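The structure under discussion appears below in the form of structure tokens.
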Amino acid sequence: VAFGVVGVSWGYAQQQAFPGFYELRIYKAQPGKRDALAARFASRTAAIYARHQITNVGYFIPQQSDPELGIDAADTFIYIRAYPSKEERDKRLKAAQSDPEFREVVIAQERDTNARLIVKAHNIDMTPSGSYTAITVVP
Numbered sequence: 017v018a019f020g021v022v023g024v025s026w027g028y029a030q031q032q033a034f035p036g037f038y039e040l041r042i043y044k045a046q047p048g049k050r051d052a053l054a055a056r057f058a059s060r061t062a063a064i065y066a067r068h069q070i071t072n073v074g075y076f077i078p079q080q081s082d083p084e085l086g087i088d089a090a091d092t093f094i095y096i097r098a099y100p101s102k103e104e105r106d107k108r109l110k111a112a113q114s115d116p117e118f119r120e121v122v123i124a125q126e127r128d129t130n131a132r133l134i135v136k137a138h139n140i141d142m143t144p145s146g147s148y149t150a151i152t153v154v155p
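Under this note's numbering, the first residue of the sequence shown carries the number 17, and numbering increases by one thereafter.
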């Protein structure tokens with residue numbers, strides 16, 4: 017009986033709320049600017065997102081190129097964000113993009129042709145496959 021109770025309790029613990037919506041973001045940086053883009057995320061953008069309850073899952077630098085996918089390791093920066101739902105994504109991103117610091121740090125720089133870091137950004141919306149993920153998202 018004790019094992020049954022422990023097993024059921026463990027099963028319920030595994031059904032905890034998990035994020036229902038992710039974004040895979042793949043950036044092609046200006047030549048020689050990938051590390052500056054990664055540094056901007058680390059030093060400024062990630063904190064802005066966190067302030068608006070956008071879960072920063074991780075930031076990644078590819079270790080090899082993949083021409084079939086259009087990935088050049090020298091100029092590609094990848095990250096994943098998570099949200100409780102697509103609707104929350106839309107709401108939280110709108111708030112983050114209206115944030116004065118975001119407008120100063122990201123939008124102003126990307127509008128300046130001499131300072132811009134990003135050539136192109138790709139966005140892939142995703143949902144978890146199955147009922148478990150190891151990511152904790154801010155509700």
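Glycine included, each C-beta is placed from N, C-alpha and C at the ideal position. All of these numbers come straight from a predicted model, not from anything done at the bench.
The DSSP-derived three-state label of residue 132 is coil.
Taking every protein chain shown into account, the CB of residue 119 has fewer than 16 other CB atoms within 10 angstroms, so this residue is exposed. Between residue 75 and residue 95 a beta carbon distance of about 5 Å is seen, short of the 8 Å cut, so the two are scored as contacting. Rounded to whole angstroms, residue 67 and residue 137 show a C-alpha spacing of 22 Å. If you look at residue 44, you'll find it in the beta strand (DSSP E) that goes 37 to 45.
Taking residue 72 as reference, the option from 81, 57 and 80 with the minimal CA-CA separation is 57.
For residue 111, the uninterrupted alpha helix (DSSP H) segment begins and ends at 102 to 114. Closest option to residue 126, judged by alpha-carbon separation, among 38, 49 and 41: 49.
Beta-bridge partners assigned by DSSP to residue 71: 98.
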